[in-house]
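Using my numbering, the first residue of the sequence shown is number 45, and each one after it goes up by one.
By construction, the Cβ of each residue, glycine as well, lies at the ideal position given by its N, Cα and C atoms.
As the structure is a computational prediction, the values presented were derived from the model and not from experiment.
Working notes, beginning with the structure itself.
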Amino acid sequence: MPISAATTETFYKQPSDFIQAVNATYNDLRGYPDRLLFLSEVRSDNIYPTNDVGRDPDPINNFSVGIAPNVYVEEAWTADFNGIFRANTVLDQIAKNGNYVRSAALATRLSAEARFLRAFFYFDLVKYYGRLPLIDHLVTASEANTISRSPVADIYALIISDLQFAVANLPANFSGTFPSYGATDIGRASKYAAEAVLAQVYMTRSGPAYNIEGPGMGLNEWSLALPLLQDIINSGLFVFNPAAYTFPVPATGIFSYSNQNPSTNKEAIFDVMFLTGQSPVIGTTFPWQLVPNAYFNSLPAGNTPANGALGVPSVSNNLLTSYLATDTRKSPTLHTSPYSNLGTPDYHAFYRKYLDTTKIPTSRFDWPINFIAIRYTDILMLKAECILHGAAGTQADVDAIVNQVRARAGLTPLVGVTLAQLFDERRKEFAGEGSRWFDLQRSGNLITIMNAWITVEDATLHKMSAVVPNFIIYPVPQTQMDAAPGLYKQNPGY
45 MPISAATTET
55 FYKQPSDFIQ
65 AVNATYNDLR
75 GYPDRLLFLS
85 EVRSDNIYPT
95 NDVGRDPDPI
105 NNFSVGIAPN
115 VYVEEAWTAD
125 FNGIFRANTV
135 LDQIAKNGNY
145 VRSAALATRL
155 SAEARFLRAF
165 FYFDLVKYYG
175 RLPLIDHLVT
185 ASEANTISRS
195 PVADIYALII
205 SDLQFAVANL
215 PANFSGTFPS
225 YGATDIGRAS
235 KYAAEAVLAQ
245 VYMTRSGPAY
255 NIEGPGMGLN
265 EWSLALPLLQ
275 DIINSGLFVF
285 NPAAYTFPVP
295 ATGIFSYSNQ
305 NPSTNKEAIF
315 DVMFLTGQSP
325 VIGTTFPWQL
335 VPNAYFNSLP
345 AGNTPANGAL
355 GVPSVSNNLL
365 TSYLATDTRK
375 SPTLHTSPYS
385 NLGTPDYHAF
395 YRKYLDTTKI
405 PTSRFDWPIN
415 FIAIRYTDIL
425 MLKAECILHG
435 AAGTQADVDA
445 IVNQVRARAG
455 LTPLVGVTLA
465 QLFDERRKEF
475 AGEGSRWFDL
485 QRSGNLITIM
495 NAWITVEDAT
505 LHKMSAVVPN
515 FIIYPVPQTQ
525 MDAAPGLYKQ
535 NPGY
């Protein structure tokens with residue numbers, strides 16, 4: 045039997061087999077960056093598509109009630125549960141055949157990695173769908189079709205347990221010796237990646253419930269999140285990158301293609317790693333997903349016009365005008381100058397935060413840039429949010445964090461930063477990174493902000509439905525509803 049077709053029973057016979065299986069679980073993160081763009085960024089007030097023809101992201105942005113069959117709604121469920129299946133397989137085999145690992149320390153590390161990834165996938169799912177089937181062990185396909193959706197609280201209990209195990213057992217850095225992490229292990233989850241996700245879990249649970257079975261539970265766990273964030277800060281392993289926001293992005297910039305190694309890019313706490321020029325292709329597509337195809341067509345010959353999205357995934361006017369003229373983040377984040385769209389100047393702004401047109405690959409699926417899933421600036425600003433919700437700290441601490449971010453953007457300091465100002469600063473700092481929808485959820489003002497935005501942004505085209513609490517989460521994908529009729533109850537409103 046070829047190795048690529050090895051069954052579970054015959055595959056796990058030596059330590060490298062277990063390591064390879066964990067690596068395969070990391071591979072299910074490949075779609076995570078694109079997913080954030082389509083299910084968070086496009087859903088939010090940052091994007092207002094102005095297409096003349098319908099495209100797959102449009103019903104996500106327009107709050108259509110018929111999106112259960114949508115390709116992005118389907119992909120998130122399928123990819124995340126595939127990752128959970130792989131994590132459960134690794135954990136099952138370590139439990140059954142741990143003697144083949146030949147090292148208790150390696151077995152513990154691999155278990156911690158698998159449990160981190162399982163928690164990461166489940167946290168992604170609970171933010172999109174609310175209640176989920178809870179699968180914490182290996183099951184067959186037929187058994188999976190009998191497992192109903194569990195309450196959100198039960199899903200969180202598994203996530204928290206997995207992350208607490210990961211925090212306790214993952215290596216803190218990449219300077220150790222096997223079976224700890226060495227330099228060749230960069231890209232794996234560390235203790236601090238697990239702390240960051242666990243802090244986000246507590247903060248998400250602390251957000252309002254909106255009277256739905258979604259990710260917010262109205263709990264007051266800000267004081268549980270803060271020590272985790274502070275431990276990351278105190279580690280000294282990560283650095284607030286002072287490199288100015290300019291365009292083109294400087295070589296030392298956070299999103300520079302020349303600054304992709306997490307060992308040197310100290311803003312990166314956890315990356316989804318990609319590698320270009322391989323066969324099969326293991327590069328990425330997220331740099332162009334919200335860039336119009338017409339823009340690539342306007343570039344000089346040889347720039348592979350197959351890149352880019354069909355239609356116009358435009359940045360909203362509201363986001364565009366939120367940047368002050370002196371804000372140095374605007375130019376590297378947003379492309380605002382006209383380009384030729386079939387001979388006609390096109391003035392629609394779009395994201396270019398991850399775009400380097402000197403690095404366009406031969407295949408549009410093979411872009412050579414990692415995705416920073418957790419970055420240090422976010423940790424600092426999450427700390428400020430916890431303090432404003434009553435966790436230990438002072439207003440001066442909050443102001444210092446926010447003003448550090450503003451100073452890097454060339455802006456004047458604020459005094460007495462409020463939660464509203466913090467979320468406004470987060471919107472501009474993390475634009476295009478897929479955090480906006482979740483920030484709106486956590487703020488408690490998602491319904492008010494989105495409907496006020498729609499009233500103005502959609503005043504001419506009237507594409508969008510009013511946002512109601514049910515739209516905070518997505519429907520269960522139609523394929524899942526059809527696989528075992530009656531097993532799942534569709535989320536209300538869809």
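{"Asked": "To which residues of the same chain is N95 closer than 7 Å at the C-beta, ignoring the five residues directly before and after it?", "Found": "D102, G355 and V356"}
{"Asked": "Taking 7 Å as the line, does the beta carbon of V283 fall inside it for any heavy atom of the ligand MN?", "Found": "Ligands in the displayed structure: none, and consequently the ligand MN is not present."}
{"Asked": "For E2 versus Y420, is the C-beta spacing smaller than 8 Å?", "Found": "Here the chain comprises residues numbered 45 to 538, so residue 2 is not present and cannot be evaluated."}
{"Asked": "If you follow the alpha helix (DSSP H) that S384 is in, where does it begin and where does it stop?", "Found": "Unbroken run through S384 is the beta strand (DSSP E), Y383 to N385; no alpha helix (DSSP H)."}
{"Asked": "Would a C-beta distance cut-off of 8 Å place Y458 and D443 closer than the cut-off?", "Found": "It is worth fixing the name first, because residue 458 is Leu in this sequence and not Tyr. For L458 and D443, yes; Cβs fall inside 8 Å."}
{"Asked": "Can you list, in chain order, the residues of its chain with a C-beta nearer than 6 Å to that of G478? Leave out the 5 residues immediately preceding and following it.", "Found": "L80, L81, S84 and E85"}
{"Asked": "Which one of I313, V211 and I493 has the shortest CA to CA distance from D89?", "Found": "I493"}
{"Asked": "Would you call the CB atoms of I199 and I191 closer than 8 Å?", "Found": "no"}
{"Asked": "Identify, in the order they occur along the chain, each residue of the same chain with its Cβ nearer than 8 Å to the Cβ of G327, setting aside the five sequence neighbours on each side.", "Found": "F318, L319, T320, G321, P405, S407, F409, D410, W411 and P412"}
{"Asked": "Using only alpha-carbon positions, find the residue among A453, Y383, N114 and Y391 that is nearest to S377.", "Found": "The question names Ser, but residue 377 in the sequence shown is Thr. Among A453, Y383, N114 and Y391, the Cα nearest to that of T377 belongs to A453."}
{"Asked": "Could you please give me the residues that DSSP links to R419 through a beta bridge?", "Found": "A312"}
{"Asked": "Which residues in the same chain have their Cβ closer than 8 Å to the Cβ of A68, if we skip the five residues on either side of it in sequence?", "Found": "R130"}
{"Asked": "Taking 8 Å as the cut-off, decide whether the C-beta atoms of V500 and N362 are in contact.", "Found": "yes"}
{"Asked": "If I418 and A237 are in contact, beta carbons under 8 Å, what's the gap, nearest whole angstrom?", "Found": "6 Å"}
{"Asked": "By Cβ distance, which residues of its chain are closer than 8 Å to A510, with the 5 residues on each side in sequence left out?", "Found": "F107, N495 and I498"}
{"Asked": "Among F222, A197 and E429, whose alpha-carbon lies nearest the alpha-carbon of S147?", "Found": "F222"}
{"Asked": "Is the beta carbon of Y383 less than 8 Å from the beta carbon of V335?", "Found": "no"}
{"Asked": "Spatial neighbours of L272 within its chain, please: CB distance less than 6 Å, with the 5 preceding and 5 following residues excluded, ordered by chain position.", "Found": "E239, L242 and A243"}
{"Asked": "Tell me the DSSP secondary structure of R480 in three-state form.", "Found": "helix"}
{"Asked": "Out of curiosity, what's the CA-to-CA distance linking M261 and R249?", "Found": "5 Å"}
{"Asked": "In angstroms, rounded to a whole number, what distance separates the CA positions of A201 and A295?", "Found": "42 Å"}
{"Asked": "Is it buried or exposed, A49, if we count other Cβ atoms within 10 angstroms and call 16 or more buried?", "Found": "Residue placement at A49 is flagged as unreliable, the pLDDT there being 39, under the threshold of 50; a coordinate-derived value is accordingly withheld."}
{"Asked": "Work out the CA separation of S219 and M45 for me, nearest whole Å.", "Found": "Reliability of the predicted coordinates at M45 is poor, the pLDDT of 25 falling under 50, and the value obtained from them is presented with this limitation in mind. Approximately 38 Å, taken between the alpha carbons."}
{"Asked": "Under a Cβ-count criterion, where at least 16 other Cβ atoms within 10 Å of its own Cβ denotes burial, should Y155 be classed as buried or exposed?", "Found": "Going by the sequence as given, residue 155 is Ser instead of Tyr. Label assigned to S155: buried."}
{"Asked": "Give the range of the beta strand (DSSP E) segment to which T388 is assigned.", "Found": "T388 to D390"}
{"Asked": "So for V245, helix, strand or coil by DSSP?", "Found": "helix"}
{"Asked": "Just verifying my parser: in three-state terms, what is the DSSP assignment at T462?", "Found": "coil"}
{"Asked": "Measuring straight from C-alpha to C-alpha, what distance separates K57 and V183?", "Found": "21 Å"}
{"Asked": "Any chance the segment 117-135 sits against the segment 526-534, with 3 or more Cβ pairs inside 8 Å?", "Found": "no"}
{"Asked": "Report the residue from K397, L386 and D390 whose alpha carbon sits nearest the alpha carbon of S375.", "Found": "K397"}
{"Asked": "Under three-state DSSP, which class holds T328?", "Found": "strand"}
{"Asked": "Alpha helix (DSSP H) containing R153: first to last residue?", "Found": "A148 to Y173"}
{"Asked": "Please classify T171 as buried or exposed, where buried requires at least 16 neighbouring CB atoms within 10 angstroms.", "Found": "A small fix is needed here, since residue 171 is Lys in this sequence, not Thr. K171 comes out buried."}
{"Asked": "Less than 7 Å between C-beta atoms, sequence neighbours within five positions excluded: which residues of the same chain meet that for N114?", "Found": "D100, P103 and I104"}
{"Asked": "What does the alpha-carbon distance come out to for the pair G231 and V512?", "Found": "39 Å"}
{"Asked": "Grab the span of the alpha helix (DSSP H) containing T372 for me, first residue to last.", "Found": "No alpha helix (DSSP H) contains T372, which DSSP labels as neither H nor E."}
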